[in-house]
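> Supplied in structure tokens, the structure appears directly below.
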């Protein structure tokens, strides 16, 4: 991350873990902050991100890809925020107590409990993340939330049709309501998969910035650097299937984005597609920082 | 319970509790079995029910009204069975990871994870309880489950329209698939509420036995004897609402069913409606015992 000059990274501290599982993941990070405090620092505010960067460190922000740790207890939202969780998805692929995932056959939309959780996330300044949500659920959340919401890691499905990518209606609604989208660099979300070129990705990004609102886009790399394949199988199966799906491997990264060290190489590719220097700076971090400046405070 | 000559009682050990909350409730019961072992006994098989009865004790069977304790972990189904849980609902009023509750505005039906849990409950011999489920979810479960399923406590909505009561289609499907229904004595499920007469209840019961299958009905009293009103508010709100609904009190019991001691008084009322002695005996316990004899063993 330091070699890639990353200012801040949103890390996942829960896929299928319950509350105590998330706490255990946080304990692992606490140990890393203690042992690697020269290069990473925990951050829950933009000031803390800037302070980390001034000290030559990458700021680490915690996010949950699954609301399972909330259980059915509205009070857990603030507890998780107090533990430093800055982002939380409405669901992860399947049905949650809040709504439906993008692989669920029937999308119930945002539930009454989901509305309670959205209210509370709005209150405590936890960023709502619609990645992995079903379309109806996502549309309901954008319409219901009193604060702007995000899709931290996905691409438009008009560019690459995939259940994880985003329909025009959702992008439009996010644009109208001050939302943010992080373009994903995960091969399954890219046109052509691992063979997607930087030029194709950059053209798509520029087109989206022109079609919706340039300042609403950033990067949400979905990078799983140095993770063993057991992690992608945990993501897919958790413990919810009696007979897990046949094991899969992480897909090969695109040649131009193999790991964190390749982040600086994105800039010339984006400029080559026709973005201004200011647009590239926004896409590679400035837009997220501006969004977080509003999002990370209580209203 | 002894004064009412009850052979077996299905008690609730979880409404909105997570796994550890359920374990705590079981600890309370363990203490009671130790302290009151002269009148109650824990049972997980019909043989244990008969042994308890032979010793002059009421058998206690554990049930969950909410699958929350399963979390998103399929392995928890067998663990809960090993802790003695004999019944588990698909959901309690709201959306669960398995399906939708009867008060949920959109019913997603049985989810893929719900099918996994149904399979596992079938395997370990845990009785599936569709009380408090949404209609579509309930219909999906009856069609999907390889073993007969139950609604432990509800009445037909043709007799008393209420979201908690049962549509003809569901009663028909349960009849066709060997299911069981426990008639509820809870005032909100009775025509006329607290003022419902035993004659009206008995006529409804006889009509249902004639319309569907006499042997598929029993009693599921939903009795909350000596419970403080805090319990009904816990049932309604759990911790899922930031601002709980205004406090309510338990409704008054019907005059003819004030508590467990009134069970023996049901028999003459049922006979007066025209049931045979054998039908009354089946309704007041025999039908459940016959169902459990099949249900409480692994297939």
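Chains as they are written, first to last, in the UniProt record's numbering: chain A, 1 to 299; chain B, 1 to 299. The beta-carbon is built from N, C-alpha and C at its ideal position, and this holds for glycine as well. Computed from a prediction, not measured in an experiment: that's the story for all the values here.
#1: Looking at chain A, which residues of the stretch 113-135 of chain B have a Cβ within less than 7 Å of any of its Cβ atoms?
#2: For residue 100 (chain B), which residues from the same chain have a beta carbon less than 6 Å from its beta carbon, with the 5 sequence-adjacent residues on both sides left out?
#3: Is residue 144 (chain B) near the ligand FAD, going by C-beta to nearest heavy atom under 7 Å?
#4: Tell me which residues of the stretch 57-78 of chain A have at least one Cβ-Cβ distance to chain B shorter than 7 Å, keeping chain order.
#5: May I ask you to report which of helix, strand or coil DSSP gives residue 89 (chain A)?
#6: Name, going along the chain, the residues of the stretch 237-256 of chain B whose beta-carbon falls closer than 8 Å to a beta-carbon of chain A.
#7: Just verifying my parser: in three-state terms, what is the DSSP assignment at residue 74 (chain B)?
#8: Closest to residue 97 (chain B) by C-alpha separation, out of B:86, B:116, B:105 and B:85, would be which residue?
#9: So residue 64 (chain A) packs on residue 125 (chain A), CB below 8 Å; how close in whole Å?
#10: With distances taken between CB atoms, is the gap from residue 164 (chain B) to residue 132 (chain B) smaller than 8 Å?
#11: Pick from A:184, A:245 and A:237: whose alpha carbon is nearest that of residue 217 (chain A)?
#12: Inspect the beta-carbon positions of residue 208 (chain A) and residue 254 (chain A) and report whether they are closer than 8 Å.
#13: Could you have a look at residue 134 (chain A) and say whether DSSP puts it in helix, strand or coil?
#14: Please give the ranges of any beta strand (DSSP E) in the stretch 163-243 of chain B, keeping only runs that are unbroken, at least 3 residues long and fully inside the region.
#15: Which residues does DSSP pair with residue 12 (chain B) in a beta bridge?
#16: Does the beta carbon of residue 14 (chain B) sit closer than 8 Å to a beta carbon anywhere in chain A?
#17: Determine whether the beta carbon atoms of residue 90 (chain A) and residue 80 (chain A) lie at a separation below 8 Å.
#18: Beta strand (DSSP E) containing residue 41 (chain B): first to last residue?
#19: Only counting the same chain, and skipping five residues up and downstream in sequence, which positions put a Cβ closer than 6 Å to that of residue 11 (chain B)?
#20: Classify residue 22 (chain B) as helix, strand or coil using the three-state DSSP reduction.
#21: Do three or more CB pairs link the stretch 270-289 of chain A to the stretch 25-37 of chain B at distances below 8 Å?
#22: Flag residue 55 (chain B) as yes if its beta-carbon sits less than 8 Å from any beta-carbon of chain A, otherwise no.
#23: By the DSSP assignment, the alpha helix (DSSP H) with residue 129 (chain A) in it spans what residues?
#24: Less than 8 Å between the beta carbons of residue 151 (chain B) and residue 181 (chain B), yes or no?
#25: Whose C-beta lies closer than 8 Å to the C-beta of residue 173 (chain B) among residues of the same chain, with five residues either side of it excluded?
#26: Less than 8 Å between the beta carbons of residue 193 (chain B) and residue 200 (chain B), yes or no?
#27: At what residues does the alpha helix (DSSP H) containing residue 290 (chain A) begin and finish?
#28: Against chain B, with Cβ distances strictly below 8 Å, would residue 82 (chain A) count as a contact?
#29: If we ignore side chains and look at the alpha-carbon of each, how far apart do residue 122 (chain B) and residue 127 (chain A) end up?
#30: Going by other Cβ atoms of all chains shown within 10 Å of its Cβ, with 16 needed for buried, is residue 20 (chain B) buried or exposed?
#31: Quick one: is residue 221 (chain A) near chain B, going by C-beta distance under 8 Å?
#32: How big is the Cα-Cα spacing for residue 95 (chain B) and residue 102 (chain B)?
#33: Please check if any C-beta of chain A sits within less than 8 Å of the C-beta of residue 108 (chain B).
#34: Helix, strand or coil: how does DSSP classify residue 151 (chain A) here?
#35: Should residue 261 (chain B) and residue 8 (chain B) be called a contact, given that it needs their Cβ atoms to be closer than 8 Å?
#36: Thinking C-beta only, is residue 212 (chain A) closer than 8 Å to residue 154 (chain A)?
So, from the listed chains and residues:
#1: 113, 116, 119 and 120
#2: 107, 108, 134 and 137
#3: No copy of the ligand FAD appears in this structure; indeed no ligand is present at all.
#4: 68, 71, 72, 73, 74 and 75
#5: strand
#6: 238, 239, 240, 241 and 242
#7: coil
#8: B:116
#9: Contact doesn't hold; Cβ gap of about 15 Å is too wide.
#10: yes
#11: A:184
#12: no
#13: coil
#14: 180-183 and 217-219
#15: B:63
#16: no
#17: no
#18: 40-42
#19: 60
#20: helix
#21: no
#22: no
#23: Unbroken run through residue 129 (chain A) is the beta strand (DSSP E), 127-129; no alpha helix (DSSP H).
#24: yes
#25: 139, 142, 143 and 179
#26: no
#27: 287-295
#28: no
#29: 40 Å
#30: exposed
#31: no
#32: 9 Å
#33: yes
#34: strand
#35: no
#36: no
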